[in-house]
Every structure is written in C-alpha cells, then in structure tokens.
Amino acid sequence: MDKKDRRASRPPLREITTAILVDGGFYRKRAATLFGHKNAEDRANELVKYCHRHIRASRSGLYRIYYYDCPPSQRVVFHPLTQQQVNLGKSSLFEWTNDFFAALIKKRKVAMRRGEPLETQGGYTLREDAVKKLCRGSIGVDDLTEKDFVLGISQKGVDMRLGLDIASLAEQGKVNQIVMISGDSDFVPAAKHARRSGIDFILDPMWSPITDSLSEHIDGIRECVRNPPMNKTDPLHVNNLGMDNAEAEDEEEL
-4 MDKKDRRASR PPLREITTAI LVDGGFYRKR AATLFGHKNA EDRANELVKY CHRHIRASRS
56 GLYRIYYYDC PPSQRVVFHP LTQQQVNLGK SSLFEWTNDF FAALIKKRKV AMRRGEPLET
116 QGGYTLREDA VKKLCRGSIG VDDLTEKDFV LGISQKGVDM RLGLDIASLA EQGKVNQIVM
176 ISGDSDFVPA AKHARRSGID FILDPMWSPI TDSLSEHIDG IRECVRNPPM NKTDPLHVNN
236 LGMDNAEAED EEEL
C-alpha cells in the first residue's frame, strides 16, 4: 500500500462540538484581576469574547455557553469595622450584578443557570492578607480599613446545576468537548463522568492554582489570556478597550 492509499484509509477526524461552562463567581473575580474593573455591559461582552477564544483554539463549533452564578443578596449585614448595618440591596455591587446578568442573557448561545444565596449565612470577613499582617504584627486593629474586609455570602444550587448539566451533556451526546472555566475541585465527580463518556474535558483556571485531584481528572489545561503581567497587553484588558475589533468580527461565525 503506497502513502496515498494509507492516507485514504485513515478514519476522518471527528468534528468537535464544544460546550463552555463558566463558574460565574470565579470568572468575575479572575476577570477583574486579569482584565481590570469594567462596567456590566463591557464585562458581559468580554466574557463572550473570552469563551470564543476557546472555540477558535479548539477549531470547534460552539454548542452553548452555560453561565452559573447566584443573584446578589439583598440582606442587611453588620460591618465589624464601621459598626453599621449595610443594606446590600442598595449597594453598587447589587446594581452592577443585575445589570451584568441582564446584559449576558441577551447574548447569543448563552444560558444562565442561577443558584440561590443562603440568607442565613455569610457576612464581612477579613481578607487573608490582612489576617497575615495582623498575625505578624506589621499592622494593628486600628490600621484596618474597609478595603481589608470582603463580603462572603454562601450560595446553594450552583454546583448542583453545573454537575447536572455535565451529566446531561455526556448522556445526550450533544458535545464531545467541554471547557470549564473554574478552579473548584468540587466538580471532580462530574469531570470524571464526562471523561468516561468520551468527552474531552478541558479546564481553564485563568492562572489560578488548582488542586492535584482536579488536575488528575481532566484532559488538559488551557488559559486564553497571558499570565500576569503580560495580561495587560491583552485586547480584552480595560486599558485596551476598542482595540479588539478582530475578535468581534469573528463572533458571528461561531
């Protein structure tokens, strides 16, 4: 058999259809670090363009972008530094998050999956770096500012919905590749199930460290943004808005 005959006998490469699953809370934090702070509309546009980078990298067709997040809390919580009650429903974050969700659900091939905030848990806690400084004695309690505190509201339902979608995609055979943008090892069982079903499972931790258990049960890692400090040269960075026209032109083809 000559070379031409051998090439002809090879099975054709299968077409790749990709579903992208986005851990919303994780993405928003990493995007703020890598791309800078943006208004809600710009962040929604950025997320879709970032997901399309994965489609181009895989040379695949986009099945759907699944976005998992929790509605912003409207609780009234106590701030330990100011000694005041804070109405979260009147905060700028509450307004921004709702505007972001509203912008995102209008995007093509985007499905929103909402969890629920746990109204009985969560509040303001000290950031890790502030705790370390206090323990070292480099700062005292009187040196703390509001920026040293972070609001942590527990949520339910997001992990369950993500796991169910992975199982459904695997069972129905609608995709043969899943890209998950997250850094959470809670999704290991779902990733294992997808791989057993023959799905190529790619993780994008956006340069966040991941556990060995998560790394063990995926088929590869791929970030679609350069590692800091080179991230500031990215067209999606807030300092470069208006310079990413090439990506915008490609979106209608996906």
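Each residue of the sequence shown is one higher than the one before, counting from -4 in the working numbering. Quick reminder that beta carbons are idealized off the backbone N, C-alpha and C, glycines included. Computed from a predicted model, the values in this text were never measured in an experiment.
So, for residue i: in the same chain, excluding its five sequence neighbours on each side, which residues have a beta-carbon less than 6 Å away from its beta-carbon?
i      : result
CYS46  : ILE15, ILE60
LEU146 : TYR119
ILE161 : ALA185, ALA189
ASN82  : VAL71
HIS212 : VAL183, ALA186, LYS187
LEU164 : ALA14, VAL170
ASN226 : LEU29, VAL220
GLY117 : GLY147, ILE148, SER149
What does the Cβ neighbour count give for residue i, buried or exposed, with the cut at 16 atoms within 10 Å?
i      : result
THR228 : exposed
GLN69  : exposed
ASP40  : Reading the sequence as shown, one finds Asn at residue 40 and not Asp. Burial call: buried.
HIS232 : buried
ARG122 : exposed
ARG131 : exposed
GLY19  : buried
LEU88  : exposed
ILE17  : One detail in the question is off: residue 17 reads as Val in this sequence, not Ile. Answer is buried; the Cβ neighbour count reaches 16.
VAL153 : buried
Ordered along the chain, which non-local residues of its own chain (more than five positions away) have a Cβ less than 8 Å from that of residue i?
i      : result
GLN80  : VAL71, VAL72, PHE73, HIS74
GLU166 : SER192
ARG54  : ILE11
ARG221 : THR228, ASP229
ARG217 : HIS49, ALA52, VAL174, ILE197, LEU198, ASP199
Look at residue i and residue j and say whether their C-beta atoms are less than 8 Å apart.
i      : j      : result
GLY178 : PHE30  : no
GLU141 : THR92  : no
VAL43  : LYS102 : yes
VAL170 : ILE194 : yes
SER180 : LEU209 : yes
PHE257 : LEU157 : Residue 257 lies beyond the stretch modelled for the chain, which goes from -4 to 249, so this question has no answer here.
ALA35  : ALA106 : no
TRP202 : PRO223 : yes
GLN150 : GLY215 : no
PRO200 : ILE148 : no
LEU236 : ASP37  : yes
Nearest-angstrom Cα distance between residue i and residue j?
i      : j      : result
ARG25  : TYR62  : 15 Å
GLY84  : CYS65  : 14 Å
GLN172 : ARG9   : 11 Å
PRO67  : MET175 : 23 Å
CYS219 : ASP124 : 28 Å
ARG108 : ASP143 : 31 Å
ASP207 : ILE100 : 34 Å
ASP138 : LEU159 : 46 Å
VAL126 : ALA27  : 22 Å
For the alpha helix (DSSP H) containing residue i, list its first residue and its last residue.
i      : result
ILE194 : No alpha helix (DSSP H) contains ILE194, which DSSP labels as neither H nor E.
MET155 : 153 to 167
PHE250 : Residue 250 lies beyond the residue range present for the chain, which begins at -4 and ends at 249; the question has no answer from this structure.
LEU209 : 207 to 211
LEU129 : 123 to 131
Hey, could you find the ends of the beta strand (DSSP E) residue i is sitting in?
i      : result
ILE50  : First-last for ILE50: 35 to 53, but that is the alpha helix (DSSP H), not the beta strand (DSSP E).
GLY20  : Segment 19 to 30 is the alpha helix (DSSP H) holding GLY20; no beta strand (DSSP E) there.
ASP64  : 56 to 64
ARG109 : 105 to 109
HIS74  : 71 to 74
VAL174 : 172 to 176
ASN82  : 79 to 82
What do you reckon, is the C-beta of residue i under 7 Å from a heavy atom of the ligand GTP?
i      : result
PRO224 : Absent from the structure shown: the ligand GTP. Ligands present: none.
Grab me the residues of residue i's own chain with a C-beta within less than 7 Å of its C-beta, minus the 5 sequence neighbours each way, in chain order.
i     : result
LEU57 : THR13, ILE50, LYS104, LEU249
HIS32 : VAL233
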